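Under our numbering, think of the first position of the sequence shown as 10, with each following residue one higher.
All C-beta atoms, glycine included, are put in the ideal place defined by N, C-alpha and C.
Predicted model, so just to flag it, every value in this text is computed and none were measured.
Here's the structure we're looking at; comments come further down.
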Amino acid sequence: MHIDEVSHRSVISGCNFKIGMINVAQLNLYTHLLLAGNNFIRFARKTLPFRAEKDSADAAGVPSLLFNEWPNFITERSFCYNNAMALHTKTLRTRVKDKHAKQLSQWAFEVNQVFNAANELTANYAWVPIPGVGYMNCNTSEFDLNKELRGIRAERGLTIGAATVQSVIAQHAKSRRQFKKNKLQWRCSSGSKRALGWIPFKAAGVKLVNGQIRFCGEVFGIWDSYDLSKYELGTGSFSQDARGRWYFNTTVKVETKPGEGLAAVGIDLGLKTVATCSDGEKLDRRRITDEFAERMAKAQRANKTHLIKTIHARIKNSRQDALHKFTTTMAENYGAIFVGDVSSRKLVKTRMAKSVLDTGWGMLKTQLEYKAIARSVVFEVVNERNTTQTCSCCRSISDSSPKGRVGLGIREWTCHECGAVHDRDVNAARNILALGHERLAGGIPYLCAQAAAAG
Ligand SMILES: [Zn+2]
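So this is what it looks like as structure tokens:
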């Protein structure tokens, strides 16, 4: 349903709205971002300008937002989606005590059996022969599978719950849709191609009792670093990592807290420094792989599989730790974040592979995005072409600016046009910031018209 079809005023999934006007208080969707002198609201993952209408403030004094033009991409669906965004979902991961590994591994084995049984059915009945015609593609639905595999627990003497069987089938159906395949990879329970243990559950299947998880008639001790009693546990899974440790993953609803920052920042991703901000802040690269290289080589020579896995896990952890600290600070201190569109996949193929992996650009972008969403902060990726060469003061490409391969080593340069002295990366970050502002203004018809009228 398109919003234009809604009568003057409707109530959809508990929120009131009027055409052309959104009441901030009712919506729980509030971003008062002051960007480039305009008010913006983050809506349907897009950025819209609005002006607050003072006359129509509600009892709490929150003004309604008046859009000059009703954005045509706001449909009922995006509305609900965004309403849900005010309460965003987060996955919490807590470690399960090792003494439960045996029980969990047993269930993981059973889960694999169910998964493979579902896989066999969908693969075998993917093409149904029709005499005289040929074959017809037949998509076995999740519903059909549930019916077919209703007796699997009794048949094979499985001890996992019926709800878990359903969750496995649901995940199988979801993956089939995602990969557009009738047959997925088998889940092996042993050998080198062994799938890491995974036991899905539904929200109703788990309960927190005295700091322990009750699931399927058993009680599991966890290292509860989040104080799970504060949350309502949602669907999730028990999962195993490469070291054989088990984790309890659950989705919880957390209220979106708008960030306090109002300023915008541009971030340049690089190799020498992982990220440089337009205000001069830098995230330096730690040569994490190098730090562990010696120990890793030693473990590999001695063929110590367990130690190798431990070192891999530690490399991963320390890489993530530095990134998390940086991205959280960014999302908390700024109202808008713009990042250049470097494709780390492209660079991994070149000789720079190892250092690109170390810096983890992909991870950095992903983290920035979800942390920005959680705080209603604007996040945009902009085309970073020419951002290194262009002078951020006068916007000209001076003949002294770093260019191409030769320019890779130039860290600092002076613009011949205006005489400004630039740090290479900070200059690039400033250009990215300027591009971000342009992008916000450029993508919105209302602002374009305003700019045209002004100019
Ligand atoms: Zn200049």
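Taking all protein chains shown into account, decide if Thr131 is buried (16 or more other Cβ within 10 angstroms of its Cβ) or exposed.
-> buried
C-beta atoms of Thr285 and Val177 nearer than 7 Å | no
Regarding Ala179 and ligand 1, is the C-beta to nearest heavy atom distance less than 6 Å?
-> no
Is Ser107 helix, strand or coil by DSSP?
-> Here the sequence assigns Asp to residue 107, which means Ser is not the residue at that position. Helix.
Tell me whether Leu373 sits in a helix, a strand or coil according to DSSP, three-state version.
-> helix
Among the residues of its own chain, which have a CB less than 8 Å from the CB of Leu158, if the five just before and after it don't count?
-> Val123, Ala126, Ala127, Leu130, Val174 and Ile178
Take Ile419 as the anchor and find which of Glu426, Arg433 and Asp408 has the nearest alpha-carbon.
-> Arg433
Is it the case that the Cβ atoms of Gly279 and Ser287 are separated by a distance below 7 Å?
-> no
From what residue to what residue does the alpha helix (DSSP H) around Thr173 run?
-> Ala171 to Phe188
Classification of Leu444 by the beta-carbon crowding that lies within 10 angstroms, buried from 16 upward | buried
Closest by CA to Glu264, which one among Tyr240, Gly166 and Ala272?
-> Tyr240
At which residue ranges does the region 119-150 contain complete alpha helix (DSSP H) runs of 4 or more residues, listed in the order of the chain?
-> none
Does the Cβ of Glu426 lie closer than 6 Å to at least one heavy atom of ligand 1?
-> yes
Simplified DSSP state of Lys291, which is helix, strand or coil = strand
Reference Thr397; option with closest CA among Glu389, Gln112 and Ser409 | Ser409
Is it right to say Cys427 is buried, meaning 16 or more other beta carbons lie within 10 angstroms of its own, or is it exposed?
-> exposed
Which listed residue (Ala429, Asn312, Asn342 and Lys412) has its alpha carbon closest to that of Val387 = Asn342
Below 6 Å CB to CB, which residues in the same chain sit around Ser327 once its five sequence neighbours on both sides are set aside?
-> Ile297
Is it buried or exposed for Asp236, if we count other Cβ within 10 angstroms and need 16 for buried?
-> exposed
Can you tell me whether His431 is buried or exposed, with buried defined as 16 or more other CB within 10 angstroms of its CB?
-> buried
Taking 6 Å as the cut-off, does the CB of Ala437 come closer than this to any heavy atom belonging to ligand 1?
-> no
Quick one: is Tyr256 buried, meaning 16 or more other Cβ sit within 10 Å of its Cβ, or exposed?
-> buried
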